[in-house]
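S.K.:
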Amino acid sequence: MTYQDNVQAVRQRIQTVQQESALASEDVRLICVSKYHSVEETMSLYQVGLRDYAENYVDGLLEKKAAMPDDCVWHLIGPLQSRKVKDVINEVDYFHALDRLKIAKEIQKRADHVVKCFVQVNVSGEESKSGMAPEELEAFIEDLAKFDKVEVVGLMTMAPHDASDEAIHSYFGRLRELGQSIQAKKLAYAPCQELSMGMSSDYPLAIAEGATCVRIGSALYQE
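In numbering that gives the first Met the number 0, the protein residues as written are 0 to 222.
What follows is the structure, given as structure tokens:
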């Protein structure tokens, strides 16, 4: 398999699910998770058309961004420590793991522009997962009104690796419902029209439940 084959296979799978599922979004952003992979490997994916890249760690994102072309779109998808906000917040296009007011306050202090953020929700309740409990989401969103550098473009979640397809559908469906409840409030600072969910192992299920961003690593880099 070449990198081009991998990208075509993932895009084809996305298109198939879009055609088969009534809940699927017409526009799905394919985000390449480039952690654990070299700049050279990642450039190979750039050369076959990918422009969205995600890193879990600040240092990895800064290293890749410095080496990659300027038209790349950068997503930080891992938890962010408050002391690291100043290093990265003006280097990212999207932050997918906002789940604490402390981080929102630091973004407000350090950002030189409005930062597009996803609020991370721990829909499955796994103790090992970051993110807030679903029942905490509404109050958290309301608290963000005071930060004009934070725009909540959507919600993010991860499904357990060992869950059944039925359970994964329910987790992703729950995030969609939570997003719709925030959308209905018509908050200017929290349009919440995006859903960041789905990885290499479960992205077709995520798209079937309305994902607008999928975060794919191994399926794009496999040889």
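Virtual Cβ for every residue (Gly too), placed ideally from N, Cα, C.
Predicted, not measured: the structure shown is a model, and the values here were computed from it.
Kindly list the residues whose CB is nearer than 7 Å to the CB of proline 78, restricted to its own chain and excluding five residues on each side of it in sequence; keep chain order.
M.R.: Counting from 1 along the sequence shown, the entry for residue 78 is found at position 79. Taken in chain order, the residues that qualify are Ala96 and Ser129.
S.K.: In terms of residue numbering, what span does the alpha helix (DSSP H) encompassing alanine 66 cover?
M.R.: Locating residue 66 in the sequence shown gives position 67, where the first residue counts as 1. Looking at the DSSP string, the run of the alpha helix (DSSP H) that includes alanine 66 is 57 to 66.
S.K.: Please check the pair valine 114 and threonine 156, which I expect to be a contact at CB under 8 Å, by giving their CB distance rounded to whole angstroms.
M.R.: Within the sequence shown, the letter at position 115 stands for residue 114. Within the sequence shown, the letter at position 157 stands for residue 156. Contact doesn't hold; Cβ gap of about 20 Å is too wide.
S.K.: Does DSSP put serine 180 in a helix, a strand or coil?
M.R.: For this step, residue 180 is matched to residue 181 along the sequence shown. Serine 180 falls in the helix class under three-state DSSP.
S.K.: Below 8 Å, how does it come out for the segment 208 to 216 and the segment 181 to 191: are there three or more Cβ pairs, yes or no?
M.R.: Counting Cβ pairs under 8 Å, fewer than three are found: no touch.
S.K.: Measuring straight from C-alpha to C-alpha, what distance separates glutamine 11 and lysine 108?
M.R.: As a first step, residue 11 is located in the sequence shown; it is residue number 12 there, counting from the start. As a first step, residue 108 is located in the sequence shown; it is residue number 109 there, counting from the start. Roughly 42 Å separates the two Cα atoms.
S.K.: Looking at C-alpha atoms only, which residue of Lys148, Tyr170, Leu194 and Phe139 is the closest neighbour of glycine 124?
M.R.: Position 125 of the sequence shown holds residue 124. Of Lys148, Tyr170, Leu194 and Phe139, the residue nearest in Cα terms is Tyr170.
S.K.: By the 10 Å Cβ neighbour count, where 16 or more other Cβ atoms means buried, how is aspartate 111 classified, buried or exposed?
M.R.: For the purposes of this step, residue 111 is taken as the residue at position 112 of the sequence shown. By the neighbour-count rule (16 or more Cβ atoms within 10 Å), aspartate 111 is not buried but exposed.
S.K.: Which residues in the same chain as valine 87 place their Cβ atom closer than 8 Å to its Cβ, once the five residues preceding and following it in sequence are excluded?
M.R.: Numbered from 1 along the sequence shown, position 88 holds the residue referred to as residue 87. Here the set comprises Val57, Leu60, Leu61, Leu75 and Leu79.
S.K.: Thinking just about the alpha-carbon of each residue, which of Ala162, Asp142, Gln7 and Val16 is nearest to the one in valine 122?
M.R.: Taking the sequence shown and counting its residues from 1, one reaches residue 122 at position 123. That would be Ala162, whose Cα lies nearest to the Cα of valine 122.
S.K.: Where does leucine 100 land, buried or exposed, given buried means 16+ other C-beta within 10 angstroms?
M.R.: Position 101 of the sequence shown, counting from 1, holds the residue named residue 100. With fewer than 16 Cβ atoms within 10 Å of its Cβ, leucine 100 is classed as exposed.
S.K.: Which partner residues does aspartate 51 have in the DSSP bridge list?
M.R.: To locate residue 51, count along the sequence shown from 1; it is residue 52. BP columns for aspartate 51 point to Val72.
S.K.: Figure out for me which residue from Asp164, Tyr188 and Ser33 has the closest Cα to the Cα of aspartate 142.
M.R.: Within the sequence shown, residue 142 is the residue found at index 143, counting from 1. If we check each option's Cα against that of aspartate 142, Tyr188 comes out closest.
S.K.: Could you give the uninterrupted runs of the beta strand (DSSP E) lying entirely in the segment 87 to 148, keeping only those of 3 residues or more?
M.R.: Within the segment 87 to 148, the complete beta strand (DSSP E) runs of at least 3 residues are 93 to 97 and 114 to 119.
S.K.: Quick one: give me the first and last residue of the beta strand (DSSP E) that glutamate 25 is part of.
M.R.: Within the sequence shown, numbered from 1, the residue matching residue 25 stands at position 26. Looking at the DSSP string, glutamate 25 is not in any beta strand (DSSP E), and its letter there is neither H nor E.
S.K.: Compare the Cα-Cα distances from aspartate 147 to each of Glu135, Pro133 and Leu186 and report the closest residue.
M.R.: Your numbering for residue 147 matches position 148 in the sequence shown. Answer by Cα proximity: Leu186.
S.K.: Helix, strand or coil: how does DSSP classify alanine 210 here?
M.R.: The count along the sequence shown starts at 1 and reaches residue 210 at position 211. The answer is coil: DSSP assigns alanine 210 none of H, G, I, E or B.
S.K.: Quick one: what's got a C-beta closer than 7 Å to histidine 36's C-beta in the same chain, skipping five residues either side?
M.R.: Along the sequence shown, read from residue 1 onward, the residue named residue 36 stands at position 37. Contacts found: Tyr220.
S.K.: How many angstroms separate the CA atom of glutamate 137 from the CA atom of glutamate 25?
M.R.: Indexing the sequence shown from 1 puts residue 137 at position 138. Indexing the sequence shown from 1 puts residue 25 at position 26. The straight-line gap from Cα to Cα measures roughly 27 Å.
S.K.: Per DSSP, which one or two residues make a beta bridge with serine 195?
M.R.: Locating residue 195 in the sequence shown gives position 196, where the first residue counts as 1. The partner list for serine 195 (beta bridge, DSSP) reads Met155 and Cys212.
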